[in-house]
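Peer 1: Sharing a structure, written as structure tokens. Questions coming.
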Amino acid sequence: MNGEKVLITGVSGMLGSSLLKLLPYDNIVGYASSELNITDHKKVQNVLRSEKPDIIIHTAAYTNVEACEIESDKAYLVNVIGTQNLVNYAIENDVLFVYLSSTGIYGKEKDTPYTEFDAVNPTTVHHKSKYEAEKIVQNHLSKYIIIRTGWLFGGDKTHQKNFVYKRYLEAKDKSVIYSDNTQIGNPTYINNLVNQIMVLLTSKQYGLYNCVDNAENISRYDYVKKIIELFELPCKVKIAPVGMFQRTAPVSYNESSINKKLNLLDLNVMQNWENSLQEYIYDLKKDVE
Ligand SMILES: NC(=O)c1ccc[n+]([C@@H]2O[C@H](COP(=O)([O-])OP(=O)(O)OC[C@H]3O[C@@H](n4cnc5c(N)ncnc54)[C@H](OP(=O)(O)O)[C@@H]3O)[C@@H](O)[C@H]2O)c1
Numbered sequence: 000m001n002g003e004k005v006l007i008t009g010v011s012g013m014l015g016s017s018l019l020k021l022l023p024y025d026n027i028v029g030y031a032s033s034e035l036n037i038t039d040h041k042k043v044q045n046v047l048r049s050e051k052p053d054i055i056i057h058t059a060a061y062t063n064v065e066a067c068e069i070e071s072d073k074a075y076l077v078n079v080i081g082t083q084n085l086v087n088y089a090i091e092n093d094v095l096f097v098y099l100s101s102t103g104i105y106g107k108e109k110d111t112p113y114t115e116f117d118a119v120n121p122t123t124v125h126h127k128s129k130y131e132a133e134k135i136v137q138n139h140l141s142k143y144i145i146i147r148t149g150w151l152f153g154g155d156k157t158h159q160k161n162f163v164y165k166r167y168l169e170a171k172d173k174s175v176i177y178s179d180n181t182q183i184g185n186p187t188y189i190n191n192l193v194n195q196i197m198v199l200l201t202s203k204q205y206g207l208y209n210c211v212d213n214a215e216n217i218s219r220y221d222y223v224k225k226i227i228e229l230f231e232l233p234c235k236v237k238i239a240p241v242g243m244f245q246r247t248a249p250v251s252y253n254e255s256s257i258n259k260k261l262n263l264l265d266l267n268v269m270q271n272w273e274n275s276l277q278e279y280i281y282d283l284k285k286d287v288e
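Mapping the sequence shown onto numbering that gives the first Met the number 0, position 242 (from 1) lands on 241, and the numbers just tick up by one.
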């Protein structure tokens, strides 16, 4: 890829590691939390002044939605102040800033999939902090791409947030597991998201976009059932009785969305969630068998 230099934050994470591996740039660097704590504004400035990136892709975040309710200062420090520290450099240095946000920020406003033209009303500390960071990006920069995504799968089995592998581990020695059928969303393959980010970067389409795989009215239960089926495990997946999964965070029951703006621009390369899950599990199986 051309001479632009890309810097990615959070590369020990599920998405950051895939971006670093799959984006077709020759000049690309990634920083894990151990190398760059984004809350340390002096270190952030020093690293960015020395790397001089043209594009920053900011994936680092405090992503534990439940823990964010308890440690709200940490959530705002990492997710908002950490983003501001990076944005400060982008303001002064004509950097294209890509910020990873969440479809969870729409809240509990309606039962149908959210588009970018819907108002947002986040209900959890995590999603409030992600929204505050979006505002910093939008208020300070003109060259930005904000990606609202959700229910990501991909990466490798060492990733803490690997939902698919965790369900495999949960089910492999059991005859039955339970899953929630009240929450809906779009299971989204990280590799598709990487392709979509590349399309936006090359077409220089700035702005805010929903980027999810295509899924209609899919619940956690549907998702988990499909995972177990694709692993060909003998375990049954049953609908969890009301109250079985008690959450600290008041997460919206509806995190589903559609890529309205990408569709209008004819730039939507996101895929069908089931086909993508099949592709991912086919690869993951080689690693677990
Ligand atoms: N996964 C999803 O379903 C989903 C949905 C919507 C939006 N997103 C967004 O997508 C992005 C990537 O998510 P992910 O799934 O890849 O999450 P992840 O695996 O938890 O990765 C996040 C990374 O951020 C790092 N980090 C945390 N605090 C940091 C700090 N102070 N300084 C530098 N790095 C820090 C973490 O490092 P340590 O582990 O070492 O702390 C971790 O490697 C996030 O912005 C997230 O909000 C994800």
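Note that beta-carbon positions come from the ideal geometry of N, C-alpha and C, so glycine has one too. Here the structure is a predicted model, which means the values were calculated and not measured.
Would DSSP call Ile289 helix, strand or coil?
Peer 2: No answer is possible for residue 289: the residues shown for the chain start at 0 and end at 288.
Peer 1: Start and end of the alpha helix (DSSP H) containing Thr201?
Peer 2: 189 to 202
Peer 1: Just the C-alpha distance for Ile27 and Ile37, rounded to the nearest angstrom, thanks.
Peer 2: 18 Å
Peer 1: Can we count Lys235 as close to ligand 1, meaning its CB is less than 7 Å from some heavy atom?
Peer 2: No.
Peer 1: Please confirm whether any heavy atom of ligand 1 lies closer than 7 Å to the CB of Gln159.
Peer 2: Yes - ligand 1 has a heavy atom lying nearer than 7 Å to the Cβ of Gln159.
Peer 1: Ligand 1 and Ile37: does any heavy atom of the ligand fall closer than 7 Å to the residue's C-beta?
Peer 2: When distances are taken from the beta-carbon of Ile37 to the heavy atoms of ligand 1, the shortest one is below 7 Å.
Peer 1: Within this structure, are the beta carbons of Leu151 and Leu14 separated by less than 8 Å?
Peer 2: yes
Peer 1: Can you find the residues in the same chain that come closer than 6 Å, C-beta to C-beta, to Leu76, ignoring five residues on each side of it along the sequence?
Peer 2: Thr38
Peer 1: Assign Phe244 to one of three DSSP states: helix, strand, or coil.
Peer 2: coil
Peer 1: Got a sec? Which residues, its chain only, sit under 7 Å from Gly153 by beta carbon, not counting five neighbours each side?
Peer 2: Met13, Ser17, Tyr188, Ile189, Asn190, Tyr279
Peer 1: Between Val250 and Thr123, which are expected to be in contact by the criterion C-beta below 8 Å, what is the C-beta distance as a whole number of angstroms?
Peer 2: 6 Å
Peer 1: Going by DSSP, which residues form a beta bridge with Asn213?
Peer 2: Asn271
Peer 1: Where Lys42 and Lys225 are concerned, what is the direct C-alpha to C-alpha distance, given to the nearest angstrom?
Peer 2: 44 Å
Peer 1: Just how far apart, CA to CA, sit Leu229 and Gln277?
Peer 2: 7 Å
Peer 1: Taking one C-beta from the stretch 168 to 175 and one from the stretch 106 to 118 each time, how about it: are there three or more such pairs within less than 8 Å?
Peer 2: Contact fails: fewer than three Cβ-Cβ distances are below 8 Å.
Peer 1: Would you list the one or two residues that DSSP bridges to Ile55?
Peer 2: In the DSSP secondary-structure assignment, Ile55 is bridged to Leu6, Phe96.
Peer 1: Secondary structure at Glu236, three-state DSSP: helix, strand or coil?
Peer 2: Note that residue 236 corresponds to Val in the displayed sequence, not to Glu. In this structure, Val236 counts as strand in the three-state DSSP scheme.
Peer 1: Can you find the residues in the same chain that come closer than 7 Å, C-beta to C-beta, to Ile80, ignoring five residues on each side of it along the sequence?
Peer 2: Thr38
Peer 1: The alpha helix (DSSP H) spanning Tyr291 covers which residue range?
Peer 2: With the chain covering only 0 through 288, there is no way to say anything about residue 291.
Peer 1: What is the residue span of the beta strand (DSSP E) that Tyr177 lies within?
Peer 2: 175 to 178
Peer 1: Look at Val97 and Ile135 and say whether their C-beta atoms are less than 8 Å apart.
Peer 2: no
Peer 1: Going by alpha carbons, who is nearest to Tyr24 out of Thr181, Pro52, Val46, Gln44?
Peer 2: Closest in C-alpha terms to Tyr24, from the list Thr181, Pro52, Val46, Gln44, comes Pro52.
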